[in-house]
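For the sequence shown, our numbering gives the first residue as 6, with consecutive numbering after it.
Positions of the beta carbon are idealized from the N, C-alpha and C atoms, including for glycine.
What you are looking at is a predicted structure, and each value in this text was computed from that prediction instead of being measured.
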Amino acid sequence: MRRYLLFALPLLLIAAGIAFIFQQRQNPAGSRLPKADKILVDKGARRLTLFSGGRKLKEYHIALGFSPIGPKEREGDGRTPEGIYTVDFHKPDSGFHRALHVSYPSAEDNTRATEAGVSPGGEIMIHGLPNGLGALGAADWSRDWTAGCIAVTDPEIDEIYSSVNDGTPIEILP
């Protein structure tokens with residue numbers, strides 16, 4: 006049994022290394038993607054997908070607001086909104102490594118918040134890690150940590166940032 010493990014373990018490590026290299030060569034973070042014409046965020050799967058002409062360009066693992074279940078209802082609730090929005094502008098000077106501003110709140114979000122007597126919040130973005138912490142990479146994606154935004158690693162936001170134009174629709178699913 007021990008001899009089997011001594012043989013199998015190096016083979017497993019080699020296979021894992023080859024798979025990683027192959028995946029990176031297919032479309033490494035930081036490579037130029039074609040322009041995306043749609044962003045789909047699946048909160049339940051913790052996944053952001055870029056599309057062009059109905060074809061999937063690339064998927065990214067994401068972190069969400071610290072209380073991600075359900076749609077955003079008010080400022081400070083720690084939820085990421087759900088619905089159809091647009092990327093309304095690129096924000097190179099945020100407190101995070103690059104950011105794409107999401108057009109939340111919509112007219113519907115504002116109406117719902119007004120009826121509830123609360124502020125809907127705002128400043129929802131797709132962004133990288135806090136400035137100065139990019140070296141952490143994806144060290145801890147096991148928990149959601151933003152105030153309601155959608156976070157990816159710094160190399161990933163660089164890639165998304167250059168692939169997405171202002172006005173690109175973003176659909177955020179539960």
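- In the DSSP annotation of this structure, the continuous segment of the beta strand (DSSP E) that includes I175 starts and ends at P174 to L178.
- Distance from the Cα of V107 is smallest, within the candidate group E128, G100 and S99, for E128.
- If you look at A112, you'll find it isn't in any beta strand (DSSP E); it sits in the alpha helix (DSSP H) that goes A112 to A121.
- Within 10 angstroms of the beta-carbon of I175 lie 16 or more other beta-carbons, which makes it buried.
- The continuous beta strand (DSSP E) containing S57 extends over residues R52 to S57.
- Secondary structure at I165: helix, using DSSP grouped into helix, strand and coil.
- In this structure, the CA atom of L55 is about 6 Å from the CA atom of A41.
- Counting every other CB atom within 10 Å of its CB across the protein chains shown gives S168 a total of 16 or more, marking it as buried.
- DSSP lists no bridge partner for I67.
- Rounded to whole angstroms, the gap between the alpha carbons of R84 and G133 is 18 Å.
- Residue pairing of R37 in beta bridges, as defined by DSSP: absent, with no partner found.
- Fewer than three Cβ pairs drawn from the segment 93-107 and the segment 65-75 lie within less than 8 Å of each other, which leaves the two stretches out of contact.
- Note: I74 is not bridge-paired with any residue in the DSSP secondary-structure output.
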